[in-house]
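Just so we're aligned, residue 1 is where the sequence shown starts under the UniProt record's numbering, counting upward by one.
Beta carbons: idealized from backbone N, C-alpha and C, even for Gly.
Scroll down for the structure; my scribbles are underneath it.
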Amino acid sequence: MKILEVILTLKSRQATWPKKIYTVLSVQQKNLKTKIIKTNQDDFDWTGKFVFLVEDSFLIKPDTFMTLKIYHARRLLRDELLGYARTPVTNVMVFEDWGFLSLHASGPSGVPRGLVNFSMALWPAGCATGEFLKGREGMDFYGL
1 MKILEVILTL
11 KSRQATWPKK
21 IYTVLSVQQK
31 NLKTKIIKTN
41 QDDFDWTGKF
51 VFLVEDSFLI
61 KPDTFMTLKI
71 YHARRLLRDE
81 LLGYARTPVT
91 NVMVFEDWGF
101 LSLHASGPSG
111 VPRGLVNFSM
121 ALWPAGCATG
131 EFLKGREGMD
141 FYGL
């Protein structure tokens with residue numbers, strides 16, 4: 001088993017966002033959901049660290065995708081899908097055990113809503129120390 005570390009950054013300068021959103025990052029049928037992210041509606045940056053436990057053959061599988069969905073958190077109505085980004089993991093992991101990729105988060109109509117930066121690293125399972133599993137200052141942590 002290996003540890004997949006994904007540092008995700010959402011940036012938006014032009015699209016108008018609701019005040020409360022959350023994201024769901026999916027890798028190999030494993031989902032991690034963030035807490036509510038409060039935006040200032042039209043200009044925000046958010047960074048989170050996601051950690052998944054994956055199989056050793058993770059990078060070899062051609063059908064392994066990473067999917068990010070961004071939702072509007074609503075109280076009384078069902079949460080609304082605002083945007084998504086999906087890419088094969090092999091597009092991000094361009095080097096042996098790490099990689100970086102920027103994508104547009106597209107809304108349901110296909111219109112770009114913002115920029116998503118994926119930074120990934122694959123670590124041996126023995127690297128999972130307490131210090132490793134903490135997020136950096138100003139970064140939310142999700143996973144293991």
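For the pair of segments examined, the stretch 2-15 was found to touch the stretch 48-55: the number of CB pairs separated by less than 8 Å reaches three.
Taking all protein chains in view, the Cβ of residue 141 is surrounded by fewer than 16 other Cβ atoms within 10 Å, so the residue is classified as exposed.
Spanning the alpha carbons of residue 97 and residue 58 requires a straight line of approximately 11 Å.
Inter-residue distance for residue 119 and residue 37 is about 20 Å (C-alpha atoms, whole angstroms).
The Cβ-Cβ distance between residue 116 and residue 69 does not fall below 8 Å. Residue 28 is a Cβ neighbour of residue 64, given a cutoff of 8 Å. Here residue 18 has 72 as same chain residues with Cβ atoms under 6 Å from its own Cβ, once five neighbours each way along the sequence are excluded.
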